[in-house]
Amino acid sequence: MTLAVLALGAAALGAFNDPALAQEAGSQAAGQAGGHGDLHDFVFRFSIFVLAVFVGYYVVWAVTPALHTPLMAVTNAISSVIVVGALLAVSVEVGDALSSTNSWIAKLLGLAALILASINIFGGFLVTQRMLAMYKRKDR
52 MTLAVLALGA
62 AALGAFNDPA
72 LAQEAGSQAA
82 GQAGGHGDLH
92 DFVFRFSIFV
102 LAVFVGYYVV
112 WAVTPALHTP
122 LMAVTNAISS
132 VIVVGALLAV
142 SVEVGDALSS
152 TNSWIAKLLG
162 LAALILASIN
172 IFGGFLVTQR
182 MLAMYKRKDR
């Protein structure tokens with residue numbers, strides 16, 4: 052297993068000058084790590100999801116109430132990564148659009164994701180701004 056990780060790391064970092072050797076080392080490492088098979092991929096990704104849920108839960112509940120507003124602002128900024136994926140889905144190349152019959156579905160779903168993510172981002176920043184305004188002193 053350690054050899055597989057080292058070979059995969061060396062291939063990823065470009066330690067091999069020959070691309071064929073790098074690809075062969077990467078495929079051998081994936082084969083040794085048991086990376087083939089749909090069930091193994093699902094279990095691996097699901098376990099990462101479960102770990103992320105626990106880490107997120109403990110990170111949010113460990114934050115003091117005074118820091119919840121900045122945490123919300125950072126969370127909204129991070130969720131803007133969805134917009135990048137939506138833009139990539141919308142921008143299907145013209146060559147693919149001509150050859151594929153399902154490209155309009157990808158564009159439509161990408162547009163929907165872009166609109167929903169944009170509403171989430173701007174709405175989140177608006178709520179954060181209003182929460183910060185509650186803590187400002189009012190001039191009399």
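The working numbering numbers the first residue of the sequence shown as 52 and each following residue consecutively.
Think of the CB as a built atom: it goes at the ideal place given N, C-alpha and C, for glycine as much as any other residue.
What residue range does the alpha helix (DSSP H) around Leu118 cover?
It is not in any alpha helix (DSSP H) - Leu118 carries neither H nor E in the DSSP assignment.
Going by DSSP in three states, Lys187 sits in which element: helix, strand or coil?
When secondary structure is reduced to three states using DSSP, Lys187 falls in the coil class, being assigned neither helix nor strand.
State the Cα-Cα distance for the pair Ala73 and Gly174, rounded to the nearest angstrom.
Because Ala73 carries a pLDDT of 47, less than 50, the predicted location of this residue cannot be relied on, and no value is offered for it.
In angstroms, rounded to a whole number, what distance separates the CA positions of Ala168 and Ala117?
Rounded to whole angstroms, Ala168 to Ala117 spans 27 Å at the Cα level.
Taking one C-beta from the region 102 to 118 and one from the region 127 to 136 each time, how about it: are there three or more such pairs within less than 8 Å?
Output reads no: the region 127 to 136 does not touch the region 102 to 118.
Taking Phe176 and Ala124 to be in contact with their CB atoms under 8 Å, please state how far apart those CB atoms are, rounded to whole angstroms.
Contact flag correct, Cβ pair sits at about 7 Å.
Just the C-alpha distance for Val111 and Leu159, rounded to the nearest angstrom, thanks.
Straight-line Cα distance between these residues: approximately 34 Å.
Cβ separation of Leu138 and Leu165, assumed to be a contact under 8 Å, to the nearest whole Å
Yes, Leu138 and Leu165 are in contact; Cβ-Cβ is about 7 Å, under 8 Å.
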